[in-house]
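By the count of our numbering, the sequence shown reaches residue 193 at its end, each step adding exactly one.
Please read the structure below before turning to the comments.
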Amino acid sequence: MRFADRGSLADELARGRPPLARAVEVIDQAARGLNYAHQRGMIHRDIKPQNILIEASGDVYIGDFSLAVLLTSSQSFDAQTTTGTAYYMPPEQAAGQTLDCRADIYAIGATLYEMCAGRRPYDGNNWADIVVKVLQEDPPLPCDVNPELPPAVQDVILKAMSRNAAERYGSALEFSSALRESLRG
Numbered sequence: 009m010r011f012a013d014r015g016s017l018a019d020e021l022a023r024g025r026p027p028l029a030r031a032v033e034v035i036d037q038a039a040r041g042l043n044y045a046h047q048r049g050m051i052h053r054d055i056k057p058q059n060i061l062i063e064a065s066g067d068v069y070i071g072d073f074s075l076a077v078l079l080t081s082s083q084s085f086d087a088q089t090t091t092g093t094a095y096y097m098p099p100e101q102a103a104g105q106t107l108d109c110r111a112d113i114y115a116i117g118a119t120l121y122e123m124c125a126g127r128r129p130y131d132g133n134n135w136a137d138i139v140v141k142v143l144q145e146d147p148p149l150p151c152d153v154n155p156e157l158p159p160a161v162q163d164v165i166l167k168a169m170s171r172n173a174a175e176r177y178g179s180a181l182e183f184s185s186a187l188r189e190s191l192r193g
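Listed below in structure tokens is the structure:
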């Protein structure tokens, strides 16, 4: 097991909102790691800043696969119980519905939201409050929270966090490519 000598993304976020270029660098590497897991039939189910680990070299790794599942032959997982961290959980996971790799894409989009907006997409007094918001509400627009955020980056975040899984990016690699492209245009 590798040692993440710079800690986690959560540690980095505790020091304040990172510059956009840094956010894209970290999320791009994390998305590529997710793509690797997805290609091998695995859904993480708990992507969040605490599970994105950073080495002094700048390399980024995904950690804590304790909630991960292997996909069935149908390439989806039927979640009988709700597990994961509510702030980053997609609606289908919160509702205990069938999951595929797009659940992780939502979660990494929610993580990018936090990096760019300087706050989590949803807040609440407890886990249940947050889950209700995930199921019923769209988060505040990232550009409303951080007016310096380019609209193209906001578009990537919103697509990744679509409440309808079919409207999200089809793969973590597609998400990563769109994110990098959003900085060019």
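C-beta atoms are modelled at their ideal positions from N, C-alpha and C, and glycine is treated no differently.
Count the other CB atoms, across all protein chains shown, that sit within 10 Å of the CB of residue i; report buried if there are 16 or more and exposed otherwise.
{"i": "R53", "result": "buried"}
{"i": "S81", "result": "Caution applies to S81, whose pLDDT of 42 falls short of 50 and renders its modelled position unreliable; the model cannot decide the point."}
{"i": "Y95", "result": "buried"}
{"i": "Q47", "result": "exposed"}
{"i": "A64", "result": "exposed"}
{"i": "R23", "result": "exposed"}
{"i": "E156", "result": "exposed"}
{"i": "A174", "result": "exposed"}
{"i": "N133", "result": "exposed"}
{"i": "G66", "result": "exposed"}
{"i": "P159", "result": "exposed"}
{"i": "R192", "result": "exposed"}
Does the Cβ-Cβ distance between residue i and residue j come in under 7 Å?
{"i": "I113", "j": "A168", "result": "yes"}
{"i": "S184", "j": "A29", "result": "no"}
{"i": "R176", "j": "P99", "result": "no"}
{"i": "V153", "j": "S190", "result": "no"}
Would you give the residue range spanned by the beta strand (DSSP E) that residue i belongs to?
{"i": "L61", "result": "I60 to I62"}
{"i": "Y69", "result": "V68 to I70"}
Tell me which residue opens and which closes the alpha helix (DSSP H) that residue i is part of.
{"i": "Y44", "result": "L28 to Q47"}
{"i": "I138", "result": "W135 to Q144"}
{"i": "A22", "result": "L17 to A22"}
{"i": "E156", "result": "E156 -> no alpha helix (DSSP H), and no H or E assigned at all."}
{"i": "I116", "result": "C109 to A125"}
{"i": "E100", "result": "P99 to A102"}
{"i": "E175", "result": "From DSSP, E175 is part of no alpha helix (DSSP H); its letter is neither H nor E."}
{"i": "R53", "result": "Careful: R53 lies outside any alpha helix (DSSP H) and carries neither H nor E."}
{"i": "L191", "result": "A180 to R192"}
Assuming the contact rule is C-beta atoms closer than 8 Å, residue i and residue j should be a hit. Round their C-beta distance to whole Å, please.
{"i": "L42", "j": "A103", "result": "Not a contact, Cβ separation roughly 22 Å."}
{"i": "I35", "j": "T119", "result": "7 Å"}
{"i": "A45", "j": "I70", "result": "7 Å"}
{"i": "P26", "j": "E20", "result": "6 Å"}
{"i": "C109", "j": "S16", "result": "Going by Cβ atoms, the distance from C109 to S16 rounds to 22 Å, so no, they are not a contact pair."}
{"i": "R188", "j": "V32", "result": "7 Å"}
Inspect the CB distances between the stretch 158–167 and the stretch 114–126 and report whether three or more fall short of 8 Å. Output reads yes: the stretch 114–126 touches the stretch 158–167.
Validate contact between the stretch 134–149 and the stretch 54–70 using beta carbons, cut 8 Å, 3 pairs: No contact exists between the stretch 134–149 and the stretch 54–70.
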